[in-house]
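Novice: Before we start, here is the structure in question, set down as structure tokens.
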Amino acid sequence: MNSLAQGKENPPAAKPLGEMEVAVSRILRIGVLTSTVVIAFGLLLLFLRDGLAVAHVSQVLHAPPTAPAYPVSPGELLRESVRGNPAAIIALGLVLLIATPVLRVAASVFLFLREGDRLYAGITLFVLVVLLLSFVLGEAGV
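Numbered according to our numbering, the sequence shown spans residues 1 to 142.
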């Protein structure tokens, strides 16, 4: 007897992932891995630079006088990261982690347009604009 006659259904065949899903998956994977590597590198530099000072809780809670200022602007973040400031490198990794889903939305706009799906491209573009506005307005303190 076949499996349908016995009351069992065959599971549906797995659909192959489309080009769009693969591209979006690749963007997310690369973004998360890159940010992880950058953060880990910053933590390693922090430990190597401050050594045992990082290991003592009392000194971590009270910033040592040699601690560099925390970067507050994108330009300062990049300059301090290039100079090897561990706090800036860790912050850069966090910025990359936050930027990853935004990049995914931006890529989706182009992928939808390439597939000829103007409705979803428009909706996704709207989501991208809202995301970018939230960053700009958040920075402005609105």
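Using N, Cα and C, we set each Cβ at its ideal position, and we do this for glycine too.
(1) Tell me whether the beta-carbon of Ile-39 lies closer than 8 angstroms to the beta-carbon of Gly-84.
(2) Is Gly-18 closer than 8 angstroms to Ile-90 when the C-beta atoms are compared?
(3) Please classify Glu-21 as buried or exposed, where buried requires at least 16 neighbouring CB atoms within 10 angstroms.
(4) If you check the beta carbons only, do Val-24 and Arg-104 fall under 8 angstroms apart?
(5) If you run the structure through DSSP and keep just helix, strand and coil, what is Val-109?
(6) Between Arg-29, Ile-27, Thr-34 and Arg-26, which has its C-alpha nearest Val-95's C-alpha?
Specialist: Taking the coordinates as given:
(1) For the purposes of this step, residue 39 is taken as residue 39 along the sequence shown, with counting starting at 1. For the purposes of this step, residue 84 is taken as residue 84 along the sequence shown, with counting starting at 1. Taking C-beta atoms as the reference points, Ile-39 and Gly-84 fail to come closer than 8 angstroms.
(2) In the sequence shown, the residue the question calls residue 90 occupies position 90. In the sequence shown, the residue the question calls residue 18 occupies position 18. No, the pair does not count as a contact, with Cβ atoms beyond the cut-off.
(3) On the sequence shown, position 21 is the one that residue 21 refers to. The residue in question, Glu-21, is exposed, as its Cβ has fewer than 16 Cβ neighbours within 10 Å.
(4) Reading the sequence shown from its first residue, position 24 is the one you call residue 24. Reading the sequence shown from its first residue, position 104 is the one you call residue 104. Cβ atoms of Val-24 and Arg-104: closer than 8 angstroms.
(5) Looking up residue 109 in the sequence shown gives position 109. Val-109: helix per DSSP, three-state reduction.
(6) One-based indexing of the sequence shown puts residue 95 at position 95. Relative to Val-95, the option among Arg-29, Ile-27, Thr-34 and Arg-26 whose CA is nearest is Thr-34.
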